[in-house]
Amino acid sequence: MNKYIRSSYLVLCYAFLYVPLFVLITYSFFQAPPQTGFTMQWYQTLWQDPNLLVVAGNSLLVAVVASTLATVFGTLAAVVLRRYRFLGRQVLSNALFSLIIFPDLVLGISLLLWLHLLHFPLGFFTLAIGHITLCLPFVTIMINSRLLDLDSSLFEAGRDLGASEWTILRRIILPLLLPAIIGAWLMCFTLSMDDVIISFFLTGPSFNVLPLYIYSLVRLGVTPEINALCSIIFFVTLILILIAQWRVRIE
Amino acid sequence: MHKDNVFKYLTINSVYLWLILFSICPLTLVVICSFLQHTPDQLFVWKFTLANYKTLLTPIYLKVFWRSLQLAFWVTVLCLIIGYPFAYFLTQLPSKIKGLMALFVIIPFWTSSLLRSYAIITIIQAHGLLNTFLIKIGVIDQPLQLLYTNTAVIIGLVYNLLPFVVLPLFSNMEKLDRRLIDAARDLGANGPTTFLRIILPLTKSGIYSAIMLTFLPAMTLFYIPDLLGGAKSLLLGNVIQTQFLSAENWPLGSALSLTLTVVMSLLLWFYFRSTPRSEREAL
Amino acid sequence: MKRILLAFLLIFSASVFAKQHEILNIYNWGGFLPDTVADEFTKETGIKVRYSTYMSDQDLYAKLAIAYNNSGYDVIFPSVEFLGRMERAGMLEKIDKTKIPNFKNLDPHFVDQAFDPQNNYSVPYLWGSTGLVINRKYYPHLKFDRWHDLWDPVLKDKLLLMDDPRTNFDIALHLLGYSINTQDPKQIKQAYEKLRTLLPNIKLFNMIAPQSIYTNENAVIGVGYSGDTYAAILSNPGLEFIYPNDGVFLWMNSMAIPKNAPNRDNAYKFINFILRPDIAAQIATTLRYSTPNLAAKKLLPKEQRDSRVLYPNAVDLKNSQFETDIGGANELYEQYWQELKMTT
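Chains as they are written, first to last, in our numbering: chain H, 12 to 262; chain S, 6 to 288; chain R, 890 to 1233.
Dropping the structure here:
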């Protein structure tokens, strides 16, 4: 009985999450109104639009770089805040947590202003910096919640046995944090792939990213071409996951 | 011991350096800007004033703040109601597929939130999929007016924020010791008691982080609500955007964002103060 | 794993550290320049086009205001309303018209307008108008041809209005008999009071893709832009675009060169290229907006050239005005706009 409730609840939740995605995928195979019927035309236009693929690649690059660095910095920050007492600890902690409340728009504008004062040319690096800053508090909060539940006597035991701080981090803390770290990385990746506002301010003429491209195209109505792109992203992700899963099985 | 110190200072300082360079410095610019004067012709003038903060006390801003707070609150509550059991049931799946299923929670969000919102519009609009379906099976005979209502706004926000509840809860519940639950059952505790006495307290820190990750960002979201709700009522995000981009009153916009940050931090502080010390560390 | 990562980095570093060709950085509204036009420009001149997009004039202005005069963009497409503001802020380069021989192709109606009397800073690109939109399937007989008809109590909770203060204040100011570009606080206040009485009729404000809302009949009556509505009518023939007989508001997007544009010569080549009749016609045909290029108009497909929505006749336009810069009054408009949205 319990099992039955559990599975139906899970099915309902996944349905809620996936119905809009399936709608989007379905529309990528429809002709533009007033015509109706099945078509592959949007995938063809997509293939002939090298610009869109470059832009998608740019987004992927920024998302991977930003979420990886944000996860590293955010995890370090959480560990440092939890384990060490040092000058300005409270300032650091407050700055981190107030970042998540700070509106994206203001973060974007102030970072642009600041990076411009430092003479950073706008492009990949400024964008990555912006996304890392956007993601940092999310990582720290998530890692922190996991750290709170870890038994600190574990660290003491490690130290008593003569392990260095680095060994404690690598051998004890990181393995225990792993699920949270993976979760945090995924969250950052999502934030970065979907961020319009910070991206707008921090990117320059040489580097356009997908969310901006989509946002500005939608002004003229959602084009099925973009739906097609999102479907491709979804299916590629799906295939990659299945391959990874399959290889894990084999090993 | 010496090596340990090097390690400790290296980590502390690298985190520090990053935050100073790319968070504290830009934030300081905003703080400075919020005390500057504004004239219609210039973004800001180098003269000190408190006028921007005074302006914020006018009823219009209090009303906007209250409205955004309410929306963020209800969205967070709904996300928790849906997301908590979701995350819990996920952790009970066989360990082979558990991680995979959690991954599938977030994959729909690797598209653009704008496109997802449009997909939601296609579903709930007057001649949309939901209405067509409900009419066909005879539940209703007039299409439901969902689009451009508060319900639509809440559906859209809950949808977009759900993974930010499920993921932290999932990673937090992962370590939940099954033996404790079994022990409680063996001692004769029923379902609700086990939940209230054992599971809920053990996942508290996960709930806190879920609240922070949804409630705070939800305060300043505006384009999903505008798209689904018809942009008829102002939210904090709209006001901040207007001050910075349309009215070009950066000092007022800065004062508004800073006040928001301070007020929300205080709210959180009070909230966590009412909890035991060990959990207060979460802040 | 490492190998995959390395390959990944190699592929994308190519796009990050791309070698510098002759380039042109265009900053434009999304979808406001057909890809084919950019490709053709590259083919003819060898200049590589890098195309970035923004969502609104406000965004463009903010970005240029911060990265003052060093944004890296060569051609931008502000609307007339923002030209004056950008010029006052010293963001625009003065245009040397001798470098744009095709300037002569432009309709005299659209050059030397009050917002830029000698076209020192702007070259007209596309234009359109704000008018009334109605779906006749839902309102076969409703009288709907003046701005005042928006206030009809029958339309309670029905209207789609633009999510933009100026477009709405235009209507109210005009009905009160004032200039739509007024800076007089008293007149603006009166317009605000007038708009307040319209609130009960409003179903939604929208700025992103209004045509899909009309096409899908999520709103069936309200205000619209001519180009968007022309596209909407093609997918939903029940729709109709009406030039209100008590006045029409025009908008136009121009090409301009930001101060210190890095590739100024290429920018001139591009602007001249855009004004070539065949290219201007290609743009207008693809985007379905109205072109200010007289020579290009002759090359348009017949159904577009003859469309009254895109190219209204003299009677339709007898009361037309351009939205122009309103200087410091802008903030007042925004303030009233916020208050208006607070009362709903």
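Glycine included, every Cβ here is placed at the ideal spot set by N, Cα and C.
- Task: With E1129 of chain R as the anchor, note down where its beta strand (DSSP E) starts and where it stops.
- Result: Start and end: 1128-1131.
- Over what stretch of residues does the alpha helix (DSSP H) that includes A35 of chain S continue unbroken? For the record, residue 35 of chain S in the displayed sequence is Val; it is not Ala. Residues 30-39.
- Task: Pick out the complete alpha helix (DSSP H) segments inside the region 111-142 of chain S, 4 residues or longer, and give them in chain order.
- Result: With a minimum length of 4 residues, the continuous alpha helix (DSSP H) runs that stay inside the region 111-142 of chain S are 118-129, 134-141.
- Ordered list of beta strand (DSSP E) runs contained in the region 110-152 of chain H, each at least 3 residues: DSSP runs (the beta strand (DSSP E)) wholly in the region 110-152 of chain H: none.
- Task: Determine the chain R residues that contact F249 of chain S at a beta-carbon separation under 7 Å, and present them in chain order.
- Result: Chain R residues near F249 of chain S: A951.
- Whole runs of the alpha helix (DSSP H) within the region 22-98 of chain H, excluding any shorter than 4 residues: Runs found: 52-58, 61-94.
- Item | Residues bridged to I915 of chain R (per DSSP) | R:Y940, R:V964, per the DSSP bridge assignment.
- Query: Do G1116 of chain R and L228 of chain H have their CB atoms nearer than 8 Å?
  - Reply: The criterion of a C-beta distance shorter than 8 Å is not satisfied by G1116 of chain R and L228 of chain H.
- Message: Residues of the region 15-34 of chain S in Cβ contact with chain H at a cutoff of 8 Å, in chain order, please.
- Response: Within the region 15-34 of chain S, the qualifying residues are T16, I17, S19, V20, Y21, W23, L24, F27, S28, I29, C30, P31, L32, L34.
- Message: Just checking: is the beta-carbon of M1231 of chain R within a distance shorter than 8 Å of some beta-carbon in chain S?
- Response: Taking Cβ atoms only, chain S reaches closer than 8 Å to M1231 of chain R, which makes this a yes.
- Using the beta-carbon count (16 or more within 10 Å), is L1088 of chain R buried or exposed? Note on L1088 of chain R: under 16 other CB atoms within 10 angstroms of its CB, so exposed under the neighbour-count rule.
- Which residues of chain S have a Cβ atom closer than 8 Å to the Cβ of P132 of chain H, listed in chain order? By Cβ distance, chain S contributes nothing, its closest Cβ being about 16 Å from P132 of chain H, past 8 Å.
- Item | is_contact[I145 of chain S, chain R] using C-beta, thresh 8 Å | With 8 Å as the cut-off, I145 of chain S does not count as an interface residue toward chain R.
- Query: Count the other CB atoms within 10 Å of the CB of D146 of chain S; is the residue buried (16 or more) or exposed (fewer)?
  - Reply: Counting C-beta atoms within 10 angstroms of its own C-beta, D146 of chain S has fewer than 16 neighbours from the protein chains shown and is therefore classed as exposed.
- Message: Any C-beta of chain R within less than 8 Å: which residues of the region 108-139 of chain H qualify?
- Response: Those residues of the region 108-139 of chain H that come within reach of chain R (Cβ to Cβ, closer than 8 Å) are I120, L123, L124, H127, P132, L133, G134, F135.
- Task: Identify which residue in S:L226, S:F249, S:L221 has its Cα closest to the Cα of L272 of chain S.
- Result: Looking only at S:L226, S:F249, S:L221, the smallest Cα-Cα distance to L272 of chain S is reached by S:L221.
- Could you confirm whether any beta carbon from chain S is found closer than 8 Å to the beta carbon of I1091 of chain R? For I1091 of chain R, the answer is yes, since a Cβ of chain S falls inside 8 Å of its Cβ.
- Query: Which residues in the same chain have their Cβ closer than 7 Å to the Cβ of L48 of chain S, if we skip the five residues on either side of it in sequence?
  - Reply: Around L48 of chain S: E253, W255.
- Query: Are there 16 or more other CB atoms within 10 angstroms of the CB of V50 of chain S, so buried, or fewer, so exposed?
  - Reply: Exposed, since its Cβ has fewer than 16 Cβ neighbours within 10 Å.
- Query: Do we get a CB-CB distance below 8 Å when we pair Y226 of chain H with the residues of chain R?
  - Reply: Closer than 8 Å: yes.
- Task: Check each candidate in R:N1125, R:Y1225, R:N1155, R:L1164 and name the one with the smallest Cα separation from V964 of chain R.
- Result: Minimum Cα-Cα distance from V964 of chain R among the listed residues R:N1125, R:Y1225, R:N1155, R:L1164 corresponds to R:N1155.
- Where Q1076 of chain R falls: helix, strand or coil (DSSP): In the structure shown, Q1076 of chain R sits in a helix (DSSP, three-state: H, G or I).
- Put N301 of chain S into one of helix, strand or coil per three-state DSSP. No answer is possible for residue 301 of chain S: it lies beyond the span of chain S, which begins at 6 and ends at 288.
- Message: Is the beta carbon of Q1100 of chain R closer than 8 Å to that of A1120 of chain R?
- Response: In contact: A1120 of chain R and Q1100 of chain R (Cβ atoms closer than 8 Å).
- Contact set between N914 of chain R and chain H, taken where Cβ atoms lie within less than 9 Å: Going along chain H in sequence order, the residues near N914 of chain R (Cβ under 9 Å) are G215, P216, S217.
- Query: Roughly how many angstroms separate the alpha carbons of P1013 of chain R and R977 of chain R, rounded to a whole number?
  - Reply: Spanning the alpha carbons of P1013 of chain R and R977 of chain R requires a straight line of approximately 19 Å.
- Query: Secondary structure at N991 of chain R, three-state DSSP: helix, strand or coil?
  - Reply: Residue state, collapsed to three classes: helix.
- Between the CA atoms of R72 of chain S and K1230 of chain R - distance to the nearest angstrom: Each residue's alpha carbon lies about 13 Å from the other.
- Query: Rounded to whole angstroms, how far is the Cβ of L35 of chain H from the Cβ of C199 of chain H, which I believe are closer than 8 Å?
  - Reply: About 23 Å separates the two Cβ atoms, so there is no contact after all.
- Message: DSSP three-state label for I1110 of chain R, please.
- Response: Three-state DSSP puts I1110 of chain R in a strand.
- Message: Using a 10 Å radius around the Cβ and a threshold of 16 neighbouring Cβ atoms, would you call W58 of chain H buried or exposed?
- Response: So W58 of chain H counts as exposed.
- Query: Can the beta-carbon of Y213 of chain S be found less than 8 Å from the beta-carbon of L103 of chain H?
  - Reply: Contact: no.
- Below 8 Å, can you find three or more Cβ-Cβ pairs linking the region 1119-1139 of chain R to the region 943-958 of chain R? The region 1119-1139 of chain R and the region 943-958 of chain R do not touch, with fewer than 3 CB-CB distances between them shorter than 8 Å.
- Message: Pairs of beta-carbons, one from the region 189-196 of chain S and one from the region 114-133 of chain S, closer than 8 Å: are there three or more?
- Response: The region 189-196 of chain S makes no contact with the region 114-133 of chain S; the number of CB pairs closer than 8 Å stays below 3.
- Message: Between L145 of chain H and chain R, is any beta-carbon pair separated by less than 8 Å?
- Response: For L145 of chain H, the answer is no, since every Cβ of chain R falls outside 8 Å of its Cβ.
- Ends of the beta strand (DSSP E) at V50 of chain S? Under the DSSP assignment, V50 of chain S falls in the beta strand (DSSP E) whose first and last residues are 47-53.
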